[in-house]
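Chemist: Dumping the structure here so I can ask a few things about it.
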Amino acid sequence: MKVDVRGNDRSQIIIAGGDVNMTGKQPLPVADIPEVELEVVRRAWVGMGPGEGNVTTAVDAVGLLASDGPALAVITGPVGHGKRTAGIRALWEVSQAERSDDGESLTLSEIRPDWDRPESPDISSMPERPRTGYLLDVASEIKGWAQPDRVAEALVTHAERLRLIGSYLVVVADEHGWPEDLSGTLGRVVVRAKARPSAHRVAAKHLEYLYHKPERIRWLNTAGSATGSGQAGGAAHLLTEATTPADAARLAAKLAQTEDSAAGLKTALAAFQQWRTDVTDVFKKTQEAPGERALLIATLFLGGDEALTIQGAARRLLGKPPETDVEVILKGPDLTSRLESVGAKVTERHATLDHKPGYAQAVLNHLWRQRPDIHQPLLKWLDGFTVPGAPGAARLAAISDLLVELAITESDIKVIEQIRSWIDNGNNTAEHRQLIAGVFTKAAEADALGPKVRAKLLDWAQDDAESVATVVALVCQSDFADHYPRQTLVRLRHILDRPEPDTAVHTAAEALRGIAAHPGQLPRVWKTVIKWATEHGHLAGHRAFLSLLDPQGDPYVLQVMLEAASQKPEVKDALLRGWKAALADTRVALQCRDLMIAWAHARAENLVPSDLTLDILRQVVTEHLYTSPVAAFVFGEAGVQYDEPVISLRRELQLPMLASKHSTGPEPVES
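Take the position in the sequence shown, starting the count at 1, then add 5; the result is the number in our numbering.
What follows is the structure, encoded as structure tokens:
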């Protein structure tokens, strides 16, 4: 298609394309498989196990995909066996084998499991693009499926349709969630990951082919020479048969990022081991010194602050007031020595752990695992010194980062619940709420913790507190909306249903408009909103309908909807039904009036088609002339002055009524 767009200076050109298709079920969102993962399977693939045997997970998956059955391979097995990478490798191999005549390989995409009801996945919403290799990772959620047999059968049926259009599907599951024993059909699509790739080979391949530093492979050598003489590489002992491919890849990254020296190797190894040796040593050394441990904990949260401030926070953690006994104050080691003994670096009265990247997180993780009784006291202590004016308030972002990493590592939802309690800690700034929304967004996309956080976001979207609902609405403006648009819309509906149009409602409306403006998302948003408004009669639906069609700020959605209405009568009819439903709800009367005014301005500025806009509003006025917002708009209201765009539109809306009145002739006179 060629479009001549010359001579359109200062005009907007709306090419509706797929966006004007407002019917049919919208598929789950998809994203390109990250290039870094494709690079691994293309250039650094390892198909050998620790004992030099073949790891056949990917090969077996290719065999299933290339067979005459459903275009499906379900990779099951324990965590740490490289199932996801094997699935991507299988899709890549099939894509190479299925190159078209012009050399084009299959598109490789990852499906986001953005189900309306995660416990009951709707497989009919799976995407079905021709010549596409799909990856669906449900390892962290499959155990929560209410009826895994029905979902599995639906996936097999879906894969049979994919076969007909030259597409393929790899599903990554956990060890026992796929119901393969229920039928031969479900069992035949399973590939079990029985062995993991050699960790040494994975690390070496990554160093050579991904990081282009083959000279550092010497650090991985198990012996100095072929005869077994000489010294082994300094990192070789960290890789065993039990090392996961992910850990081997992480080690390679640490080795590639450090300087090529003995000191650099030492730093890389400590960082890879998450400072386990250092952390274990410091906790052994302070076994009978709770004050030193408290000092370490205070430093990891307040690193960079003054040493005296850190000491004060440590004493509060122990429940002790400031020391006033001079004899006690003068006894024992200096504060600098105490801080250095637990791994801190003190410079000009300021203490930090930043010189050992990852050390603070390692201490916190160790503490969380080994001292579970401290969980609640520690979180309560954090509450106290993160309020406005307290020492931790200025470091809330860094503290939140530590806690969200802790929550993800330990898959511990109560850490996220603690951060939620900080929403109302006295700081009502937009920056504070945005910070907490960012924490929730990161946690909601974590592999194991993510489903729990997403469930919490659903609960919090229904919270009576305006501040809590506002933070959830901010999450709905983030990447969460791109990755989980269906779940985002569900949470926005609850917020938009709040009794009063408060900050949370306005933030949710802004989030809704933002999603609708994203490429390809408008059909999904429109279908959902019009259903809320016309079928269920939700206040949320009426607010959403009116917000979506508001051209103030960005007229894009209204422009596309009107373009669709000009081409498809059913879209125009839906617009009229939406207006009818909204006008029947007195709670949104002012919003209805304001939207008519906004349409008048958009029409005057030539942002929307004049005749179609007039036609829709004329039908709205005809049916709802005596509804208060329509009457106020058409006939005016006492004490309110309207500008020229409104007056002009009002005049055109009144013309048919005036013509109808004159056509009836003079009223009869009673005799």
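Where a beta carbon is used, it is the ideal one built from N, C-alpha and C, also for glycine.
1. Can you give the Cα-Cα distance for residue 613 and residue 457, rounded to whole angstroms?
2. The ligand ADP heavy atoms versus the CB of residue 516: any closer than 7 Å?
3. State the DSSP-derived secondary structure class of residue 483, mapped to helix, strand or coil.
4. Drop a sphere of 10 angstroms on the beta-carbon of residue 58, count the other beta-carbons inside from all chains shown, and report buried for 16 or more, exposed for fewer.
5. Could you give the C-beta distance for residue 240 and residue 215, rounded to a whole number, given that I count them as a contact under 8 Å?
6. Following the continuous beta strand (DSSP E) through residue 36, name the residue where it begins and the one where it ends.
7. Return the chain-ordered ranges of every beta strand (DSSP E) run that is complete within the segment 59-127 and spans a minimum of 3 residues.
8. Please name the residue, chosen from 52, 251, 449, that lies closest to residue 488 on a Cα-to-Cα basis.
9. Counting Cβ pairs, one atom from each stretch, are 3 or more of them under 8 Å apart for the segment 98-105 and the segment 125-132?
10. With DSSP run on the structure shown, which of helix, strand or coil describes residue 234?
11. When we look at the beta-carbon of residue 370 and count the other beta-carbons within 10 Å, is it buried (16 or more) or exposed?
12. Which same chain residues end up closer than 7 Å to residue 343 when comparing Cβ atoms and leaving out the 5 residues on each side of it in sequence?
13. Run through the DSSP bridge pairs and tell me what residue 174 is partnered with.
14. Would the segment 49-64 and the segment 146-153 be scored as touching if the rule is three or more Cβ pairs under 8 Å?
15. Since residue 545 and residue 598 are thought to touch, with beta carbons under 8 Å apart, how far apart are those beta carbons, to the nearest angstrom?
16. Quick one: Cα of residue 585 to Cα of residue 384, how far?
17. Can you tell me the Cα-Cα spacing of residue 132 and residue 73, whole angstroms?
18. Specify the secondary structure class of residue 332 as computed by DSSP and reduced to three states.
19. Is the distance from the Cβ of residue 532 to the Cβ of residue 31 below 8 Å?
20. Tell me which residues share the same chain as residue 395 and place their Cβ nearer than 8 Å to its Cβ, disregarding the 5 neighbours each side in the sequence.
21. Does residue 748 come out as helix, strand or coil in the three-state DSSP assignment?
22. Given residue 2, which residues of its chain have a CB within under 7 Å of its CB, disregarding the five upstream and five downstream residues?
23. Who does residue 325 pair with in a DSSP beta bridge?
24. Give the range of the beta strand (DSSP E) segment to which residue 499 is assigned.
25. DSSP state of residue 355, grouped into three classes?
26. Write down the C-beta distance between residue 468 and residue 474 rounded to the nearest angstrom, noting that I regard them as a contact closer than 8 Å.
27. Run through DSSP, which three-state label would residue 281 get?
28. To the nearest angstrom, report how far apart residue 656 and residue 639 are at their CA atoms.
Modeler: With the structure as the only source:
1. 44 Å
2. The ligand content of the structure shown is nil, which means the ligand ADP is not present either.
3. coil
4. exposed
5. Incorrect: roughly 16 Å between the Cβ atoms, too far for contact.
6. 35-37
7. Entirely contained in the segment 59-127, the beta strand (DSSP E) runs reaching 3 residues are, in chain order, 77-81, 112-116.
8. 449 is the residue among 52, 251, 449 whose C-alpha sits nearest the C-alpha of residue 488.
9. no
10. With a pLDDT of 44 at residue 234, under the threshold of 50, the predicted position of this residue should be treated as unreliable, though the coordinate-derived value follows. It is coil, neither helix nor strand.
11. Buried, since its Cβ has 16 or more Cβ neighbours within 10 Å.
12. 297, 300
13. 77, 139
14. no
15. Not quite, the Cβ-Cβ distance comes to about 20 Å (not below 8 Å), so this is no contact.
16. 51 Å
17. 21 Å
18. helix
19. yes
20. Result list for residue 395: 389, in chain order.
21. Nothing about residue 748 can be reported from this structure: the residues present for the chain run from 6 to 676 only.
22. Because the chain is modelled from 6 through 676, residue 2 falls outside the range shown and cannot be assessed.
23. DSSP output for residue 325 lists no bridge partner at all.
24. Unbroken run through residue 499 is the alpha helix (DSSP H), 490-501; no beta strand (DSSP E).
25. Reduced to three states, the DSSP call for residue 355 is strand.
26. 6 Å
27. helix
28. 8 Å
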